[in-house]
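The block underneath contains the structure these notes are about, expressed in structure tokens.
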């Protein structure tokens, strides 16, 4: 297995849904050089392409209808880039959310990642867009919004900043900077959609960011007979109560909260769903996957409403 110093990644999407990845670009760096790259178009889970996204990246439904899904690519091509290497992306929340939401059939991988925006902060004045960083640092960025060109540009931005700093080890560089946070992908908590602003790279929809790891129980002892004790819970949709408060309710009775559906989940709590973000059966992505796991016999996920969740919290019977 090759040992990379770091891996830069970029996604383009078909719509404002994070699970609509339509292309991926990866550039792997070793000893200050890009030594491996990967690019592919991706067929999203549905072919609902947004006109604004097509304007941004030039990718249409016809172009990807014969392309593999991200799940197909994961084992055959992509997972080799996600070893013990640091992953870098420009505006990393976006690309990590796309990976998190689009990788449908596999449990989320775990790796460390960092945002190249924070890496460039001390070396590029003004806006930290990919294009401005490349121009300021004298980097030829190829075709902007081509996922591979953007991944290569991201890698070169990092390499240039390392060179200016006098360090050649990205780990040492990150630890030397107070403003750079090394994140764990497993801790990522995402929304299902983002807002699109003009022709720039899509920006995420601005909710109060809730990290699952930040939700800790207030108690040290739990009622082991509580119906949610040691149960794994996932939330989807808009709740009538604050999402963070709902998560707190859960952990305070001994449950754990996760961001994504997997075989280990016991309950999926479903809030109000936006009609434009459900499938033909009226199901959100998380609901559809939970039902698929249940029907295949791989899981036994109880899909409940917010009211049913509150009843369970109060240790009453399911309504």
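In this note's numbering, the protein residues as written are 2 to 320. Glycine residues also receive a C-beta, built at the ideal position from the N, C-alpha and C atoms. Predicted model, so just to flag it, every value in this text is computed and none were measured.
Checklist entry - According to DSSP, what are the bridge partners of residue 185? => result Residue pairing by DSSP puts residue 185 in a beta bridge opposite 113.
Checklist entry - From 113, 215, 300, pick the residue whose C-alpha is nearest to that of residue 90; which is it? => result Considering only alpha carbons, the answer is 113.
Item to check | Reference residue 181; option with closest CA among 117, 40, 291 | outcome: The option with the nearest alpha carbon to residue 181 is 117.
Checklist entry - Roughly how many angstroms separate the alpha carbons of residue 237 and residue 291, rounded to a whole number? => result Straight-line Cα distance between these residues: approximately 11 Å.
Checklist entry - So what does DSSP say about residue 81, is it helix, strand or coil? => result DSSP places residue 81 within a helical segment (H, G or I) once states are collapsed to three.
Item to check | Where residue 56 sits in the DSSP three-state scheme | outcome: In the structure shown, residue 56 sits in a helix (DSSP, three-state: H, G or I).
Next on the checklist: Taking its Cβ as the centre, do 16 or more other Cβ atoms sit within 10 Å of residue 74, making it buried, or is it exposed?
Outcome noted: Its Cβ being crowded by 16 or more others within 10 Å, residue 74 is buried.
Item to check | Identified DSSP bridge partners for residue 273 | outcome: Residue 273 is bridged to 239.
Checklist entry - When DSSP labels each residue in this structure, what does residue 230 get in the three-state scheme? => result Note: residue 230 maps to coil in three-state DSSP.
Checklist entry - Which one of 256, 99, 87, 301 has the shortest CA to CA distance from residue 173? => result Nearest C-alpha to residue 173: 87.
Checklist entry - Going by the beta-carbon positions, is the gap between residue 1 and residue 146 smaller than 9 Å? => result Shown here, the chain extends from 2 to 320; a query on residue 1 therefore has no answer.
Checklist entry - So what's residue 303 in DSSP terms, helix, strand or just coil? => result Reduced to three states, the DSSP call for residue 303 is strand.
Next on the checklist: Just verifying my parser: in three-state terms, what is the DSSP assignment at residue 47?
Outcome noted: Note: residue 47 maps to coil in three-state DSSP.
Next on the checklist: Between which two residues does the beta strand (DSSP E) holding residue 35 run?
Outcome noted: Unbroken beta strand (DSSP E) run through residue 35: 34-42.
Next on the checklist: Which of the three DSSP states is assigned to residue 144 in this structure?
Outcome noted: Residue 144: coil per DSSP, three-state reduction.
Checklist entry - Closest by CA to residue 36, which one among 65, 266, 153? => result If we check each option's Cα against that of residue 36, 153 comes out closest.
Checklist entry - So residue 24 packs on residue 41, CB below 8 Å; how close in whole Å? => result Indeed they touch by this definition, with Cβ atoms about 7 Å apart.
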